[in-house]
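Student: Just so you know, the protein sequences line up as chains A and B, in that order.
Every letter in the first sequence is one number past the one before it in our numbering, and letter 258, counting from 1, is 258.
Every letter in the second sequence is one number past the one before it in our numbering, and letter 129, counting from 1, is 1129.
Can you keep this structure in mind? I'll have questions shortly.
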Amino acid sequence: MSIRPKRFSIATLVKHVVLLAYAVACFYPFFWMVGTSLKSQTDALGNLASPIPEDGIHFENYAEVWEKLDFAKYFVNSISLSVVCVLCVVVIYSMVGFALARINFRGKNIVFATYVALILVPGLTVQIPLYINMVNLNLDNTFIGLLLPIVNGAGPFAVFMFRNYFMSMSHELFEAAKLDGCSTFRIYWNIYLPLALPVVGTIGVMNFISSWNGITWPMIILRDDTRFTLPLAVMFLDQSAFKQWNILMTGSLFSIIPVIVIFMCLQKSYIQGLSAGAVKG
Amino acid sequence: MAISKRKMNRIKENLTGYAFCLPGIVLFLCVGLYSVCFSIFLSFYNWSGVDFAGTARFEGLNNFKNFLANGNPINTKLFWTGLLHNLEIGALTMVFVIPIAMVLAYVVTNIKRGAGFYRTIYFLPMVASGVGISYVWKGLFGAKGFLNTMFDTLGLDFLVVKQGMLGDPKTALIGVVVTCIWSGIPGTLMLYYAGLSNIDNTYYEAAEIDGASKVQMLLKITWPLLKPMTMITVIQQLNGAFQMFENIWVLTGGGPGGATDVVGTLIYTAAFEDAAYGRASAMGWSVFLLTAVLSVISIRGFKSDT
């Protein structure tokens, strides 16, 4: 009998085979996307199934999509939408969450109950009057008209997460700061918000991704193609009469890189915040 | 003194609370409340989008009758078929997603090396589940795409779908379900992963001392403690399935021949292509009621069964 712990066992092997198999299933579509984006046009049509370009590597697809098809512009549109959206959601709803968790004001329970109930509201249905509302306010086809409903739609879940997280933090923190003469706003801004970074990460990543990937509301509210977000521009590529898979995949690739980068960087905090907020709920 | 100090403090605290909620509430009043109320209101009216006061006609329950109870046979058929598709997609997705995600989360938490690597790759489908990936599926499922070519090479001719999986009314829904499973696993996996990492190790240690087997621990410790996660997943998937729109719109547009129409695509076409705002709103709220009822039933089910 050996005393050394076993370094390798059949069970470990089986585990890794299972995990790898699923990893391949996750990754293959992305692999195909990148491969196809590097094909020539005829190669992409004739050799659709394989992810390997057979007719040389064509990086010029990237230049064409980025410059000639104006993807640089759509990229800026999308980035500004997502960044502004995340900032608004984090600031506005962490304040509401803080008030609900730490300040005793009349009507607090009504505010919280309303937000929780709103989690269930059907998004697509509400976008009909929302559209009419925006037309009436002269905000259709504008950045503000695009932004406000997205921020508002993110409210219920963000309020729920922030409130739960602030509730779980010790109350003494608040009392001590108060005794030292700290204003309520400073307690929120300098103490509570920095300590809630995991939830900020979760809410931030979540809203960056959803505002980046969303197409329904942009599709409804934007008419002018100079204002299009990246996903809309990709859909536009598909509407040309002749399908150019290489160009379509290059556009698609541009549309997913930012979200992947953001997620990779903030993955840890995302998961932490998610479990902290959800478990205490 | 007219106001006591205590009362002053009370008022001050109230005002601070309102000040903190102000931006959120103003936004909600201008954008959210109006829309929700107007949307409910609209579902009882016939209106084509211009000059509400002048042209809208109160219809009572006619909008609902139109697609629920044969008020218009075509719309009724479309609606119930669409709803059935929602149900099929939701049920099939859940049946695959929950066990796969649970097993994977369990295995990932129980390996010593590489957990971070796997985790990162596993979350890719959730992060990138937008328009771009829908087009990849269109390519992979295409007539000359990856699936057909693979089945052909493997000699599994009977699995080859000539027009591509999404192009044939008989198989299009299966294609949609496959994409939903692929993008649905990561979120659930993450929930189970978080749930598993939160289970206190002492439970297992205590069980081991009492002589419990691995299987017993799984059934008596892990599964019950993961129940909240399963409940969240079921409700999320249910909601997701009934509100499904974007991915189907890009993948098939509800076609071919309505084979993948869901209530979401019907609402969108009714509202933004046919300008039947009343009927579209009525469809939305009918499905909302159904989802709410189903959610309550499933929460009850999970609670009673502990």
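We put the CB at the ideal spot given by N, CA and C, even for glycine.
#1: Let me know the alpha helix (DSSP H) ranges lying completely inside the region 1074 to 1130 of chain B, each 4 residues or longer, listed in chain order.
#2: Give the residues from the region 1144 to 1155 of chain B that approach chain A closer than 7 Å (Cβ to any Cβ), ordered along the chain.
#3: May I have the straight-line CA-CA distance separating V50(A) from N1148(B), to the nearest angstrom?
#4: Along the chain, where does the alpha helix (DSSP H) containing P1186(B) start, and where does it finish?
#5: Is G1024(B) buried or exposed, if buried means 16 or more other CB atoms sit within 10 Å of its CB?
#6: Which word fits P1169(B), buried or exposed, when buried means at least 16 other C-beta atoms lie within 10 angstroms of its C-beta?
#7: Would you call the region 1156 to 1166 of chain B and the region 10 to 25 of chain A touching, i.e. three or more CB-CB distances under 8 Å?
#8: Can you check whether the CB of F1242(B) is closer than 9 Å to the CB of L1290(B)?
#9: Using beta-carbon positions only, say whether A1280(B) and A1270(B) come within less than 9 Å of one another.
#10: Write down every uninterrupted run of the alpha helix (DSSP H) in the region 1008 to 1078 of chain B whose length is 4 residues or greater and which is fully enclosed by it, in chain order.
#11: Our contact map puts G1284(B) next to L124(A) with C-beta atoms below 8 Å; I'd like the distance itself, whole angstroms only.
#12: With DSSP run on the structure shown, which of helix, strand or coil describes H58(A)?
#13: Between F1028(B) and F1044(B), is the Cβ-Cβ spacing less than 9 Å?
#14: For the region 1125 to 1139 of chain B, list every residue whose C-beta sits within 9 Å of some C-beta in chain A, in sequence order.
#15: Using DSSP with H/G/I as helix, E/B as strand and the rest coil, what is C85(A)?
#16: Report back the beta-carbon spacing between P1352(B) and Y1122(B) to the nearest angstrom; my notes put them in contact at under 8 Å.
#17: What residue from W189(A), I215(A), S255(A) has the CA that sits closest to V96(A)'s CA?
#18: Find the residues of chain B that neighbour F263(A), judging by a C-beta separation of less than 7 Å, and give them in chain order.
#19: Give a yes or no on whether the minimum CB-CB distance between V1108(B) and chain A is below 9 Å.
#20: Taking 8 Å as the limit between beta carbons, can you name the residues of its chain near F236(A), skipping five residues before and five after?
#21: Can you confirm whether M161(A), when its beta carbon is compared against all beta carbons of chain B, has any partner nearer than 9 Å?
#22: Does F31(A) pass the burial test, meaning 16 or more other C-beta atoms within 10 Å, or should it be called exposed?
#23: If you follow the alpha helix (DSSP H) that W32(A) is part of, which residue opens it and which one closes it?
#24: Report the rounded CA-to-CA distance for M161(A) versus N1066(B), giving the unit in angstroms.
#25: Examine chain B for any beta-carbon lying closer than 9 Å to the beta-carbon of I260(A), and answer yes or no.
#26: For the alpha helix (DSSP H) containing T202(A), list its first residue and its last residue.
#27: Measure from the C-beta of W66(A) to each C-beta in chain B and report whether the shortest distance is under 9 Å.
#28: Considering W1285(B), what are the terminal residues of the alpha helix (DSSP H) in which it resides?
#29: Can you look up M169(A) in the DSSP assignment and give me helix, strand or coil?
#30: Can we say the region 159 to 177 of chain A touches the region 132 to 140 of chain A, given the rule of at least three CB pairs closer than 8 Å?
#31: Counting Cβ pairs, one atom from each stretch, are 3 or more of them under 8 Å apart for the region 1150 to 1158 of chain B and the region 1174 to 1194 of chain B?
#32: Would you kindly report the start and end of the unbroken alpha helix (DSSP H) that includes M1165(B)?
#33: Curious, which full-length alpha helix (DSSP H) runs of at least 4 residues does the region 99 to 131 of chain A contain?
#34: Does chain A have any CB closer than 9 Å to the CB of I1209(B)?
#35: Which term fits N138(A), buried or exposed, when burial requires 16 or more other beta carbons within 10 angstroms of its beta carbon?
#36: Helix or strand or just coil, what does DSSP make of C182(A)?
Tutor: On the basis of the coordinates in this document:
#1: Fully enclosed alpha helix (DSSP H) runs of 4 or longer: 1115 to 1127.
#2: Legend: CB atoms of the region 1144 to 1155 of chain B lying less than 7 Å from CB atoms of chain A belong to residues K1144, G1145, F1146, T1149.
#3: The sequence given here places Ser at residue 50(A); Val does not occur at that position. Their backbone Cα atoms lie some 11 Å apart in a straight line.
#4: 1172 to 1197
#5: buried
#6: exposed
#7: Not touching, per the Cβ criterion.
#8: yes
#9: yes
#10: 1034 to 1042, 1052 to 1055, 1062 to 1068
#11: 6 Å
#12: coil
#13: no
#14: P1125, M1126, V1127, A1128, S1129, G1130, V1131, G1132, I1133, S1134, Y1135, V1136, W1137, K1138, G1139
#15: DSSP places C85(A) in helix when its eight states are reduced to three.
#16: Nothing about residue 1352(B) can be reported from this structure: the residues present for chain B run from 1001 to 1306 only.
#17: W189(A)
#18: F1123, V1127
#19: Judged by the 9 Å Cβ criterion, V1108(B) is in contact with chain A.
#20: D225, F228
#21: no
#22: Classification for F31(A): exposed.
#23: 10 to 37
#24: 40 Å
#25: Output row for I260(A): interface = yes.
#26: Looking at the DSSP string, the run of the alpha helix (DSSP H) that includes T202(A) is 197 to 213.
#27: no
#28: 1277 to 1304
#29: In this structure, M169(A) counts as coil in the three-state DSSP scheme.
#30: no
#31: no
#32: M1165(B) -> no alpha helix (DSSP H), and no H or E assigned at all.
#33: Runs of the alpha helix (DSSP H) inside the region 99 to 131 of chain A: 108 to 118.
#34: No, its Cβ sits nowhere closer than 9 Å to a Cβ of chain A.
#35: Exposed: under 16 other Cβ atoms inside 10 Å.
#36: DSSP places C182(A) in coil when its eight states are reduced to three.
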